[in-house]
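Undergrad: Submitted below is the structure of interest, expressed as structure tokens.
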RNA sequence: CGGGGCGUUGCCUAGUGGCUAAGGCGCUUGCUUUGGGAGCAAGAAAUCGGAGGUUCGAGUCCUCUCGCCCCGACCA
């Protein structure tokens, strides 16, 4: 490609709106251009990188038996109603009606579609297992896009779906994907770790997320300092050291004026925060299975005073579709009092979720649901009841539940995920097969996603320096950046043709610009191999060779045989990422 | 959806009630220059996001609205 012909151009300054450096560099170098919040155009350089990433994904999916398909972005709402997600997913999914008023949606993932398709294709155990994937556009109306391609509303995702007759089969393909994902990320050059995760809106049990650890990440990742335990904080387990506080004593209400926080309360009563039970009030959204209508119910999460509630855990324990902070009036309506709240004396329809730290302790201090009053000696089971669950948020320094060593906390960006779905979708949509005995059985499914654009965004965060991007050759838009400084371009043209004929992908800077401009742009775009032809070197019969990974070292490359030598260099670089 | 911020030319910014809206980068033309963002000269490009209002006078103040960004809530 001739740089003089390139559709995009480079910017000398960071755009004001870019909140991460990788984003700024992708914009400045002409990979992407924003059209609206979370909506981007991929420019030619961006497309070339994305295509290479997609090709790597294809190869690795094919290698484990994946068959590529392409499903429609627009889905009839019916199939989403069948699984209930039409109702359980809120504004994140775009809905509209077609010309005759049929409900339609923009598919934000394709479990419904693929299950529907598979139900027409699959009838017999002899056809299973199956594994299909697609690379395709999704629209998710995220309330808060940010950081360029890290979090967008329209994005390209590789999504894959497995169909099996047994859990063993599912585990096998899950395992194969688990490793294939690492191959994909390794070939792209992105360091990732797999962490145990919540299955979120996908449903199902076992799930992993692939995390690129970075301060710009929005997820909190718990890792053990000693063993290989890792998990998203949303689900991370840790050891709770529980102190019983003695045999249950009689419940007593006492005046505790001005103690609406746990610190104030513990101080006032001269007890440890660990002996207090604090309450978090949330409004949960549930879907009535009969009417498919949304209902709101108040949830109280009870946790020991020295811990914080992990809302995701609370939501799962309460089996709510969504949570939001409850208003004080909503709390009072259920006979509880914010700041002095507890499940004791609460209205009957309140969902009570009690952290095991509180359930396992005795004689806790808890709110009396009256301003300025607390109970002492409250005991779970005697004074109130509810669902016992782990709803506590893990923190750095907590104890690993696997090996007993200290847990660490990191930020991470989720670039991929894999879910064991089980039969949730096949049962809801009647995807069954006949087994050897002629009996109908639901197909066991898995789903596997990679955010393609997000992967590029993560690479831009990982591979950069003060001069610009320096993407690995496996995802770089071109292999070679050929900077010509010759006044007479005839020889450069010839060399460019030879390089192209040798099937090397070359960005050829043939512009009538000063050397400084060309070098600065070459640094910014960060094509891994750079050759420069100037008048001096030309006289001596040499090209200059630099690697973007080490700009301070200049190599000399004889023009004679340069094409073969470059082919070797490129091949070596490429093979280091296979 | 709450809280905050910002919309001035392709990009970055100045302008804080008073003349024809200013500068840098980029762009066009000419001449010069040619190894790390060149020089000189001449140009083009902005209904100051939009609507309404206050005022003798509004980019500037007020109201509404749209868009974008940030912090939360939420998500791949």
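Numbering (the numbering used here), first residue to last: 1217 to 1794.
Ideal placement from N, C-alpha and C gives every residue a C-beta, glycine not left out.
What you are looking at is a predicted structure, and each value in this text was computed from that prediction instead of being measured.
#1: Give the single residue among 1537, 1565, 1573 whose Cα lies nearest to the Cα of residue 1493.
#2: Look at the alpha carbon of residue 1478 and the alpha carbon of residue 1612, and state the distance between them as a whole number of angstroms.
#3: Which one or two residues does DSSP pair with residue 1510 in a beta bridge?
#4: Could you check if residue 1350 is buried or exposed, using at least 16 other CB atoms within 10 Å of its CB as the buried criterion?
#5: Relative to the C-alpha of residue 1239, which residue among 1648, 1528, 1432 is closest?
#6: Can you tell me whether residue 1698 is helix, strand or coil according to DSSP?
#7: Sort out for me which residues DSSP pairs residue 1223 with in a bridge.
#8: Distance check for residue 1411 and residue 1615, CA to CA, integer angstroms please.
#9: Counting along the chain, where does the alpha helix (DSSP H) carrying residue 1329 start and finish?
#10: Go through the region 1345–1413 residue by residue and report every complete run of the beta strand (DSSP E) that reaches 3 residues or more, in order.
#11: Does the region 1468–1477 come into contact with the region 1580–1597, if we say contact requires no fewer than three beta-carbon pairs (one atom in each stretch) closer than 8 Å?
#12: Quickly, what does DSSP pair residue 1496 with across the bridge? List them, please.
#13: At 3 residues or longer, what runs of the beta strand (DSSP E) sit wholly inside the region 1708–1793?
#14: What's the call for residue 1693, buried or exposed, on a 16-neighbour Cβ count within 10 Å?
#15: CB residue 1711 to CB residue 1691, shorter than 8 Å?
#16: Taking only the alpha-carbon atoms, compute the straight-line gap between residue 1384 and residue 1325 and give it to the nearest angstrom.
#17: Alpha carbons only, please: which of 1746, 1774, 1741, 1442 is nearest the one belonging to residue 1757?
#18: Got a sec? Which residues, its chain only, sit under 8 Å from residue 1548 by beta carbon, not counting five neighbours each side?
#19: Just to confirm my understanding: we take residue 1464, look at its own chain, exclude 5 residues before and 5 after, and list those with CB closer than 8 Å. What are they?
#20: Drop a sphere of 10 angstroms on the beta-carbon of residue 1474, count the other beta-carbons inside from all chains shown, and report buried for 16 or more, exposed for fewer.
#21: Report the partner residues of residue 1624 according to the DSSP bridge assignment.
#22: Can you look up residue 1612 in the DSSP assignment and give me helix, strand or coil?
#23: Please classify residue 1188 as buried or exposed, where buried requires at least 16 other C-beta atoms within 10 Å of its C-beta.
#24: Beta-carbon within less than 7 Å of residue 1219's beta-carbon, same chain only, minus the 5 sequence neighbours each way: which residues are those?
#25: Specify the secondary structure class of residue 1418 as computed by DSSP and reduced to three states.
#26: Is it true that the CB of residue 1514 sits closer than 8 Å to the CB of residue 1550?
#27: How about residue 1426 and residue 1632: are their beta carbons less than 8 Å apart?
#28: If you drop the 5 nearest sequence neighbours on each side, which residues of the same chain put their C-beta closer than 7 Å to that of residue 1780?
#29: Residue 1229 to residue 1390, Cα distance in whole Å?
#30: Tell whether a beta-carbon distance below 8 Å holds between residue 1641 and residue 1381.
#31: What does a CB cutoff of less than 8 Å around residue 1424 pick up in its chain, not counting 5 residues either side in sequence?
#32: Does the distance from the CB of residue 1480 to the CB of residue 1521 come in under 8 Å?
#33: Tell me, please, which residues DSSP counts as bridged to residue 1546.
#34: Please report how far the alpha carbon of residue 1650 lies from the alpha carbon of residue 1337, in whole angstroms.
#35: Would you identify the three-state DSSP class for residue 1260, choosing helix, strand or coil?
#36: Hey, residue 1608 and residue 1623: beta-carbon distance below 8 Å or not?
TA: Taking the coordinates as given:
#1: The count along the first chain starts at 1 and reaches residue 1493 at position 277. Nearest option by C-alpha distance: 1573.
#2: For this step, residue 1478 is matched to residue 262 along the first chain. For this step, residue 1612 is matched to residue 396 along the first chain. Between residue 1478 and residue 1612, the C-alpha separation is close to 21 Å.
#3: Residue mapping note: residue 1510 aligns to position 294 of the first chain, counting from 1. According to DSSP, residue 1510 bridges with 1503.
#4: If you number the first chain from 1, residue 1350 lands on position 134. Burial call: buried.
#5: Indexing the first chain from 1 puts residue 1239 at position 23. When each option's Cα is compared against that of residue 1239, the closest is 1432.
#6: Position 482 of the first chain, counting from 1, holds the residue named residue 1698. Residue state, collapsed to three classes: strand.
#7: Within the first chain, numbered from 1, the residue matching residue 1223 stands at position 7. Residue 1223 pairs with nothing; no bridge assigned.
#8: The sequence position of residue 1615 within the first chain is 399, counting from 1. The sequence position of residue 1411 within the first chain is 195, counting from 1. Looking at the two C-alpha atoms, the distance is approximately 17 Å.
#9: For the purposes of this step, residue 1329 is taken as residue 113 along the first chain, with counting starting at 1. Residue 1329 -> alpha helix (DSSP H) spans 1327–1337.
#10: As far as the region 1345–1413 is concerned, its whole beta strand (DSSP E) runs of at least 3 residues are 1346–1355, 1370–1380, 1409–1412.
#11: yes
#12: Here residue 1496 refers to the residue found at position 280 of the first chain. In the DSSP output, where bridge partners are listed per residue, residue 1496 has 1517.
#13: 1722–1725, 1745–1749, 1758–1763, 1766–1774
#14: One-based indexing of the first chain puts residue 1693 at position 477. That one is buried.
#15: As a first step, residue 1711 is located in the first chain; it is residue number 495 there, counting from the start. As a first step, residue 1691 is located in the first chain; it is residue number 475 there, counting from the start. It is not a contact, given that the beta carbons lie outside the stated cut-off.
#16: On the first chain, residue 1384 is found 168 positions in, with the first residue counted as 1. On the first chain, residue 1325 is found 109 positions in, with the first residue counted as 1. Computed Cα separation, rounded: 25 Å.
#17: Indexing the first chain from 1 puts residue 1757 at position 541. It is 1774 whose Cα lies nearest to the Cα of residue 1757.
#18: Translated into the one-based positions of the first chain, residue 1548 becomes position 332. Once the five neighbours on either side are set aside, the close Cβ partners of residue 1548 are 1554.
#19: Against the first chain, residue 1464 aligns to sequence position 248. Hits under 8 Å: 1578, 1579, 1593, 1595, 1598.
#20: In the first chain, counting from the first residue as 1, residue 1474 sits at position 258. Around the beta carbon of residue 1474, a 10 Å sphere encloses fewer than 16 other beta carbons of the protein chains shown; the residue is thus reported as exposed.
#21: The sequence position of residue 1624 within the first chain is 408, counting from 1. BP columns for residue 1624 point to 1439.
#22: Locating residue 1612 in the first chain gives position 396, where the first residue counts as 1. Reduced to three states, the DSSP call for residue 1612 is coil.
#23: This structure does not reach residue 1188, given that the chain is present from 1217 up to 1794, and the question cannot be answered.
#24: In the first chain, the residue the question calls residue 1219 occupies position 3. Hits under 7 Å: 1723, 1724, 1725, 1726, 1727.
#25: The residue labelled residue 1418 in the question sits at position 202 within the first chain. Reliability of the predicted coordinates at residue 1418 is poor, the pLDDT of 48 falling under 50, and the value obtained from them is presented with this limitation in mind. When secondary structure is reduced to three states using DSSP, residue 1418 falls in the helix class.
#26: Counted from its first residue, the first chain places residue 1550 at position 334. Counted from its first residue, the first chain places residue 1514 at position 298. Contact: yes.
#27: Here the question's residue 1426 lines up with position 210 in the first chain. Here the question's residue 1632 lines up with position 416 in the first chain. Yes. Within cutoff.
#28: On the first chain, residue 1780 is found 564 positions in, with the first residue counted as 1. Nothing meets the Cβ criterion.
#29: For the purposes of this step, residue 1229 is taken as residue 13 along the first chain, with counting starting at 1. For the purposes of this step, residue 1390 is taken as residue 174 along the first chain, with counting starting at 1. The alpha-carbon atoms of residue 1229 and residue 1390 are separated by roughly 45 Å.
#30: Stepping through the first chain from its first residue, residue 1641 is reached at position 425. Stepping through the first chain from its first residue, residue 1381 is reached at position 165. No; because the gap between Cβ atoms is not below 8 Å, this pair is not in contact.
#31: Translated into the one-based positions of the first chain, residue 1424 becomes position 208. Within the same chain, residue 1424 has close Cβ partners 1394, 1410, 1411, 1412, 1413, 1633, 1634.
#32: As a first step, residue 1480 must be located in the first chain, where it is residue number 264. As a first step, residue 1521 must be located in the first chain, where it is residue number 305. No. Outside cutoff.
#33: Here residue 1546 refers to the residue found at position 330 when the first chain is read from its first residue. Partner(s): none; residue 1546 has no beta bridge.
#34: For the purposes of this step, residue 1650 is taken as residue 434 along the first chain, with counting starting at 1. For the purposes of this step, residue 1337 is taken as residue 121 along the first chain, with counting starting at 1. In a straight line, the C-alpha of residue 1650 is about 13 Å away from that of residue 1337.
#35: Walking along the first chain from the start, residue 1260 turns up at place 44. DSSP places residue 1260 in helix when its eight states are reduced to three.
#36: Within the first chain, the letter at position 392 stands for residue 1608. Within the first chain, the letter at position 407 stands for residue 1623. Taking 8 Å as the Cβ cut-off, residue 1608 and residue 1623 do not qualify as a contacting pair.
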